[in-house]
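Visitor: The structure follows.
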Amino acid sequence: MNTVAETRRSTVLHYAEMVVAMLLGMLVLGLPLAMLLAEGPEIELITMASTMTVPMVAWMRHRGHGWQPAWEMSAAMFVPTFVALGLLWGGLVEGTHTLMMIQHTAMFPLMLLAMLLRPSEYTGHAG
768 MNTVAETRRS TVLHYAEMVV AMLLGMLVLG LPLAMLLAEG PEIELITMAS TMTVPMVAWM
828 RHRGHGWQPA WEMSAAMFVP TFVALGLLWG GLVEGTHTLM MIQHTAMFPL MLLAMLLRPS
888 EYTGHAG
């Protein structure tokens, strides 16, 4: 049986692993795509969410997670992206940097929320 400390450690470790996978995705996928794709806030926001989500989901699947938690974690990445796009298209926020900050500021707590809503999902997988 896991102690509270072991459960916390496992959750923090899993969260950190997903963040590392996201950062690697930004570097490995994001930099080449940035050179290939046209510029514009919409493309940059969607590219950012995609290049962070794909490796995160790949890591989750490697660790033994099913598709349902992977979709939930993907939603934690794309819902803020769609909100940022709505703010852009509504004329409420225009700066790409500001939109990216909104996107990222929401992504990380939503990831944590997804983990906290399914604690058993994120404390026992060790692929």
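Positions in the sequence shown are counted from 1; adding 767 to them yields my numbering.
The beta carbon of each residue, even a glycine, is placed where N, CA and C say it ideally should be.
Because the structure is a prediction, the values reported are computed rather than measured.
1) For residue 806, does the three-state DSSP call read helix, strand or coil?
2) Is the number of C-beta pairs between the segment 825–835 and the segment 853–872 that are closer than 8 Å three or more?
3) Please check the pair residue 782 and residue 879, which I expect to be a contact at CB under 8 Å, by giving their CB distance rounded to whole angstroms.
4) May I have the straight-line CA-CA distance separating residue 872 from residue 770, to the nearest angstrom?
5) Looking only at its chain, what residues have a beta carbon closer than 8 Å to the beta carbon of residue 809, apart from the 5 residues adjacent to it on each side?
6) Flag this pair as yes or no: are the beta carbons of residue 812 and residue 866 separated by less than 8 Å?
7) Taking the alpha-carbon positions, what's the residue 714 to residue 826 distance?
8) Going residue by residue through the segment 844–893, where are the continuous alpha helix (DSSP H) segments of at least 4 residues, counting only ones entirely within it?
9) How many Å lie between residue 858 and residue 772 at the Cα?
Guide: By the coordinates alone:
1) coil
2) The way I'd put it, the segment 825–835 doesn't touch the segment 853–872; fewer than three beta-carbon pairs between them come closer than 8 Å.
3) 7 Å
4) 31 Å
5) 852, 855
6) yes
7) Outside the modelled stretch of the chain, which goes from 768 to 894, sits residue 714, for which no answer is possible.
8) 863–884
9) 46 Å
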